[in-house]
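**Student:** Protein chains in written order, with the numbering used here: chain A, 2 to 514; chain B, 7 to 348.
Pasting in a structure now, in structure tokens, and then I'll have a few things to ask.
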Amino acid sequence: MVTYIVRRLFTAVLILLGASFLVYQLTALSGDPLADLRESNQPNKEQLIQQRVELLNLDVPAPLRYFRWLGGAAQCLVPFVGSCDLGFAINGQPVTEALGRAMGMTILLVTGAAILAVVVGVCLGIVTALRQYSTLDYGVTFMAFLFFSLPVFWVAVLLKEYAAIGFNNFLREPHIPPATIAVIALVSGILWYICARGTVKRRLLAAVTGFVLAAGILWALSVTRWFSTPGLGLAVILIAGVAIAFGATTLAAGLKNRRALYSALAAVAVGLVLYFPLQPLLAQATTLMIALLAIATILVGIGIGYLMGGYDRRQNINAAAITAVLVAGMVLLDRYMQAWPAYFGNSRINGRPIATIGSETPNLRGDYWVQGLDTFTHLLLPTIALLLISLASYSRYARSSMLEIMNMDYIRTARAKGLGERTVVMRHAFRNALIPIATIVAFDIGGLIGGAVITERVFAFAGMGQLFIEALVRVDPNPVMGVFLVTGIMALVFNLIADLLYSALDPRVRVKV
Amino acid sequence: MTTMTTSAPEIQGTGPEKQGLSQGQIVRKRFIGNAAAIASLVIFVMILVLAFSAGGFMGIPGWWKYTHNEVNDLINGGRPTLQVFPFSFGEHPFGQDRLGRDTFAQTMRGVQISVLVMFIIGIVGGAIGVVVGALAGYFRGWVDNVLMRLTDIVIVIPLIILAAVLGQMASRVVASNLQPLALGLMVGLVVWTGLARLVRAEFLSLREREFVDAARIAGASNARIIFRHILPNAVGVIIVFVTLSMSSAILLETSLSYVGMGVKAPDVSLGLLISQNQEAFSTRPWLFWWPGMFIVAICLCINFIGDGLRDAFDPRQKKFNAKRARDVVARRPRPAGPAKEQ
Numbered sequence: 002m003v004t005y006i007v008r009r010l011f012t013a014v015l016i017l018l019g020a021s022f023l024v025y026q027l028t029a030l031s032g033d034p035l036a037d038l039r040e041s042n043q044p045n046k047e048q049l050i051q052q053r054v055e056l057l058n059l060d061v062p063a064p065l066r067y068f069r070w071l072g073g074a075a076q077c078l079v080p081f082v083g084s085c086d087l088g089f090a091i092n093g094q095p096v097t098e099a100l101g102r103a104m105g106m107t108i109l110l111v112t113g114a115a116i117l118a119v120v121v122g123v124c125l126g127i128v129t130a131l132r133q134y135s136t137l138d139y140g141v142t143f144m145a146f147l148f149f150s151l152p153v154f155w156v157a158v159l160l161k162e163y164a165a166i167g168f169n170n171f172l173r174e175p176h177i178p179p180a181t182i183a184v185i186a187l188v189s190g191i192l193w194y195i196c197a198r199g200t201v202k203r204r205l206l207a208a209v210t211g212f213v214l215a216a217g218i219l220w221a222l223s224v225t226r227w228f229s230t231p232g233l234g235l236a237v238i239l240i241a242g243v244a245i246a247f248g249a250t251t252l253a254a255g256l257k258n259r260r261a262l263y264s265a266l267a268a269v270a271v272g273l274v275l276y277f278p279l280q281p282l283l284a285q286a287t288t289l290m291i292a293l294l295a296i297a298t299i300l301v302g303i304g305i306g307y308l309m310g311g312y313d314r315r316q317n318i319n320a321a322a323i324t325a326v327l328v329a330g331m332v333l334l335d336r337y338m339q340a341w342p343a344y345f346g347n348s349r350i351n352g353r354p355i356a357t358i359g360s361e362t363p364n365l366r367g368d369y370w371v372q373g374l375d376t377f378t379h380l381l382l383p384t385i386a387l388l389l390i391s392l393a394s395y396s397r398y399a400r401s402s403m404l405e406i407m408n409m410d411y412i413r414t415a416r417a418k419g420l421g422e423r424t425v426v427m428r429h430a431f432r433n434a435l436i437p438i439a440t441i442v443a444f445d446i447g448g449l450i451g452g453a454v455i456t457e458r459v460f461a462f463a464g465m466g467q468l469f470i471e472a473l474v475r476v477d478p479n480p481v482m483g484v485f486l487v488t489g490i491m492a493l494v495f496n497l498i499a500d501l502l503y504s505a506l507d508p509r510v511r512v513k514v
Numbered sequence: 007m008t009t010m011t012t013s014a015p016e017i018q019g020t021g022p023e024k025q026g027l028s029q030g031q032i033v034r035k036r037f038i039g040n041a042a043a044i045a046s047l048v049i050f051v052m053i054l055v056l057a058f059s060a061g062g063f064m065g066i067p068g069w070w071k072y073t074h075n076e077v078n079d080l081i082n083g084g085r086p087t088l089q090v091f092p093f094s095f096g097e098h099p100f101g102q103d104r105l106g107r108d109t110f111a112q113t114m115r116g117v118q119i120s121v122l123v124m125f126i127i128g129i130v131g132g133a134i135g136v137v138v139g140a141l142a143g144y145f146r147g148w149v150d151n152v153l154m155r156l157t158d159i160v161i162v163i164p165l166i167i168l169a170a171v172l173g174q175m176a177s178r179v180v181a182s183n184l185q186p187l188a189l190g191l192m193v194g195l196v197v198w199t200g201l202a203r204l205v206r207a208e209f210l211s212l213r214e215r216e217f218v219d220a221a222r223i224a225g226a227s228n229a230r231i232i233f234r235h236i237l238p239n240a241v242g243v244i245i246v247f248v249t250l251s252m253s254s255a256i257l258l259e260t261s262l263s264y265v266g267m268g269v270k271a272p273d274v275s276l277g278l279l280i281s282q283n284q285e286a287f288s289t290r291p292w293l294f295w296w297p298g299m300f301i302v303a304i305c306l307c308i309n310f311i312g313d314g315l316r317d318a319f320d321p322r323q324k325k326f327n328a329k330r331a332r333d334v335v336a337r338r339p340r341p342a343g344p345a346k347e348q
């Protein structure tokens, strides 16, 4: 195993060397870095050219300049020396500095979108596989193909127009006209009809429920002017918490397992009891505190499940932990919503909260929650754009993987043993269907970090993609190399992880030592 | 006697009415049975015919009265004149831009360029991928090692870096009217990696089969074995992959043009049109909608065609039918006892 990893890493280094040489030469050859100065009319033109030649060592031919760059970059790999030298950008800024900032922003954007896309995509894929050839399946398949065919820059303009400008206009006077309520409720009814299964009568009942629910909720939101002062409140957390508890138990243990259900409900109760004591603590939140609270939440969930006992504690623990995390998420969401009026009324925001471009509002002052909301509103549109596009492929992968698993003999065996549908799907099929998806996800994340180039460009999001394109246009090899180094290492590392993950998850696959 | 002769073929299953279908016939039959794929194919062909006949191509004039860079008088503020009932194109069916250029002519020209680039990318990328994958998979050993490390290098470099740099270089070297061709060629030089890996895997498994041994014993040369014996068996995977990669190729081309690294003005591509007109979304939305709709339509059609081809070549996934499985489970006689709990 260790030999395998060492050998892979050794090849990876060689590949990286070859590829970086190629990228450097290509970038250097792609144009003239002095073009803008040559055309300028400034009196000290010669001096400026001289300065830039000095800064970027342009008097050295590109192949040799690469080795000089390599010498600097190699220092980054030596730990604890702290002398990382990736050269200078064309404007004199050290690349390490710009790259560090851009990398943070890109990772923030990509992780959120990737996690959401995987979770939603896999769920959709599994559900459509289980209900193959139903209206739901055809609908989701069509949507997946549609999303897959959308150019991201086109979606971006639409999102800016409708999700940002339109929504901001709506927020000025958050009143939903009855016609809109009717249309949305009708759509909701149709969705419920498609998602429900069983006889036509049952599905129609579901459609009516969906219609009434959507209409009621929208009407209530409009009448109470919820969008001006959003919040969940204890009542909503209670109702949604109980629903989550039942849902999590159904998936993790099955409703027949009463102990699991009681563990999940206990987790909801703990969340509700802690709601008020937590508020003063959350008022002075820091990132570290939120992280600690998140860990504490999971531990509480595990503890409840463990204390509930029974013959299979694992199921209680799963149900309680999932419920605890989701309920805690709602409490957190509620806290963010409480900060909304402060953010909305902030003079820098001026009542137009959803940002169309950029990664943060400059000079925004506010506490932890306001700053958090600012990040959210800036991440919202690029995340949706990335989500829509990667969602489609994950749902297709998950669907075909699940369909293949459902064909396996051991699934037939499981059914023949008389196991319930939940056990067959969740225990026997779902876990095995995840194996190929896990490797695809690992492989994708490596590529995604470099793949957000266009998205970042469209939303003027100050990430690595933006840095890269700007550098490429100005024929500036050092930032291009910096970005490439990050994406290349990511791609190779995640490639290795994907292979190792496959052999770890699927005992039939062994790495060759 | 007569009864015996008529029943004999039935037993053996070789009678004229039960004659086996060739692989190609089976695939064709399955593909034609796929309504979504056929509908997409028809729409795609219609888009192509519309674009190439309206705008004219390679010096042959089209039937549309305006060209893409001709500046006309603004009619009715440049609003689209397309009418569905009764159908009429009007003066400027897709409207006009700020300068008065006809959006229909521009969009048609954009479709031509984008589709052309897409096909070149598909053909070049497909050819390189097949050759590299076939050589690596067939010869194994050091050939495989060298080619696969080369593939790894190209894979590691993000696609957009390579495409952007190569595309930019191409646009400097080549005359401007050949620019899209050069762009397609350059991007094609980059996108072959996935196909090469796929073809290599196919070849690695196919080369161990008996028919390859048989061919070798019969004295066939390596080239003959590769092209006549192994490649036809891998053609399904290749066609499907190339088709689906064409839809990402058109997205890549439009993205590059959008960023300003692909097709450049005065020529038009769908991505370039959107990039030029996105600022005018609130005042002249049609400038933005039409090119976008055509990108989505082309891409969607190709995806459905590719999916149909995949189903036609590889029917494995059709075996499990959740609905039927559920019906079987539902019809299964339940054991006595707590039957309601399920």
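Yeah, the Cβ is synthetic: ideal placement off N, Cα and C, and Gly gets one too.
Quantities reported herein were computed from a predicted structural model and do not represent experimental measurements.
So is Q118(B) buried or exposed if we call it buried at 16+ other beta carbons inside 10 Å?
**Tutor:** It counts as buried.
**Student:** Chain A beta carbons: is any one of them nearer than 7 Å to that of L257(B)?
**Tutor:** True, the Cβ-Cβ gap to chain A drops below 7 Å.
**Student:** Beta-carbon of S261(B) versus every beta-carbon of chain A: anything under 7 Å?
**Tutor:** Yes, because at least one Cβ of chain A sits closer than 7 Å to the Cβ of S261(B).
**Student:** What does the alpha-carbon distance come out to for the pair L131(A) and L404(A)?
**Tutor:** Spanning the two alpha carbons is a distance of roughly 8 Å.
**Student:** With burial defined as no fewer than 16 other Cβ atoms inside 10 Å of the residue's Cβ, what is the status of A261(A): buried or exposed?
**Tutor:** Buried: at least 16 other Cβ atoms inside 10 Å.
**Student:** Compare the C-beta of Q284(B) against all C-beta atoms of chain A and say whether one is closer than 7 Å.
**Tutor:** Yes, contact with chain A.
**Student:** Suppose the cutoff is 6 Å on Cβ atoms and the five residues either side in sequence are ignored; what does the same chain contact list for A472(A) look like?
**Tutor:** Excluding sequence neighbours, A472(A) sits near P480 and V481.
**Student:** How is V196(B) classed by DSSP in three states: helix, strand or coil?
**Tutor:** In the structure shown, V196(B) sits in coil (DSSP, three-state: anything other than H, G, I, E or B).
**Student:** Alpha carbon to alpha carbon, what distance is there between S394(A) and M338(A)?
**Tutor:** Cα-Cα distance, rounded: 33 Å.
**Student:** With a threshold of 7 Å between beta carbons, is L306(B) in contact with chain A?
**Tutor:** Closer than 7 Å: yes.
**Student:** Quick check on this structure: which residue in M192(B), S275(B) and A43(B) has the alpha carbon closest to the alpha carbon of G128(B)?
**Tutor:** The candidate whose alpha carbon is nearest that of G128(B) is M192(B).
**Student:** How big is the Cα-Cα spacing for A221(A) and S229(A)?
**Tutor:** Their Cα atoms are separated by approximately 13 Å.
**Student:** Which complete alpha helix (DSSP H) runs does the region 411-454 of chain A hold, if anything under 4 residues is left out?
**Tutor:** Listed in chain order, the complete alpha helix (DSSP H) runs (minimum 4 residues) inside the region 411-454 of chain A are 432-452.
**Student:** Report the rounded CA-to-CA distance for R203(A) versus S135(A), giving the unit in angstroms.
**Tutor:** Cα-Cα distance, rounded: 16 Å.
**Student:** Curious, which full-length alpha helix (DSSP H) runs of at least 4 residues does the region 130-194 of chain B contain?
**Tutor:** Whole alpha helix (DSSP H) segments, 4+ residues: 147-162, 165-179 and 185-194.
**Student:** What span of residues does the alpha helix (DSSP H) with L383(A) cover, start to end?
**Tutor:** The sequence as given places Pro at residue 383(A); Leu does not occur at that position. P383(A) -> alpha helix (DSSP H) spans Y369 to M407.
**Student:** Check the Cβ of S120(B) against every Cβ in chain A and list those closer than 9 Å, keeping chain order.
**Tutor:** None at all; the shortest Cβ gap to chain A is about 11 Å.
**Student:** What does the alpha-carbon distance come out to for the pair L165(B) and M252(B)?
**Tutor:** Their backbone Cα atoms lie some 15 Å apart in a straight line.
**Student:** Mind checking which residues open and close the alpha helix (DSSP H) that includes S135(A)?
**Tutor:** Taken as a continuous stretch (DSSP letters only), S135(A) belongs to no alpha helix (DSSP H), as it is neither H nor E.
**Student:** For N40(B), which residues in chain A fall below 7 Å Cβ to Cβ?
**Tutor:** None at all; the shortest Cβ gap to chain A is about 13 Å.
**Student:** Would Q323(B) count as contacting chain A if we go by Cβ distances under 7 Å?
**Tutor:** Confidence at Q323(B) is low in this model, with a pLDDT of 48, below 50, so its placement is unreliable and no value can be given for it.
**Student:** Beta carbons nearer than 8 Å to chain B: which residues of the region 12-36 of chain A have them?
**Tutor:** Here the close residues are T12, L15, I16, L17, G19, A20, L23, V24, L27, T28, L30, S31 and G32.
**Student:** Can you tell me whether R107(B) is helix, strand or coil according to DSSP?
**Tutor:** The answer is strand: DSSP assigns R107(B) an E or B state.
**Student:** Which bits of chain B does F485(A) rub up against, with CB to CB less than 9 Å?
**Tutor:** Going along chain B in sequence order, the residues near F485(A) (Cβ under 9 Å) are V162, I163, P164 and I167.
**Student:** Which residues, in chain order, does the region 154-174 of chain A contribute to contact with chain B at a C-beta distance below 7 Å?
**Tutor:** Listed in sequence order: F154, W155, V158 and E162.
**Student:** May I ask you to list the residues that DSSP assigns as paired with A284(B)?
**Tutor:** Here residue 284(B) turns out to be Gln, not Ala, going by the sequence shown. Answer is none; Q284(B) lacks a bridge partner.
**Student:** Nearest chain A C-beta to F287(B) closer than 7 Å, yes or no?
**Tutor:** True, the Cβ-Cβ gap to chain A drops below 7 Å.
**Student:** For F209(B), which three-state DSSP category applies?
**Tutor:** Looking at F209(B) - three-state DSSP - the assignment turns out to be helix.
**Student:** Kindly say whether N151(B), judged by its beta-carbon, lies nearer than 7 Å to any beta-carbon of chain A.
**Tutor:** Chain A, which has no Cβ nearer than 7 Å to the Cβ of N151(B), makes this no.
**Student:** From the DSSP output, in three-state form, read off F63(B) for me.
**Tutor:** Strand.
**Student:** Give the secondary structure of F460(A) by DSSP, where H, G and I count as helix, E and B as strand, and everything else as coil.
**Tutor:** In this structure, F460(A) counts as coil in the three-state DSSP scheme.
**Student:** Throw me the rounded Cβ distance for the L54(B) and V130(B) pair, which I believe falls under 8 Å.
**Tutor:** That belief does not hold up - the Cβ atoms of L54(B) and V130(B) are roughly 20 Å apart, past 8 Å.
**Student:** Measuring only between beta-carbons, confirm whether V111(A) sits less than 7 Å from chain B.
**Tutor:** Judged by the 7 Å Cβ criterion, V111(A) is not in contact with chain B.
**Student:** So, using beta-carbon positions, are A157(A) and A463(A) closer together than 7 Å?
**Tutor:** No, they are not a contact pair.
**Student:** When the cut-off is 7 Å and only beta carbons count, does G298(B) lie next to chain A?
**Tutor:** With 7 Å as the cut-off, G298(B) counts as an interface residue toward chain A.
**Student:** Straight-line CA distance for V33(B) to V179(B)?
**Tutor:** So the alpha carbons of these two residues sit roughly 44 Å apart.
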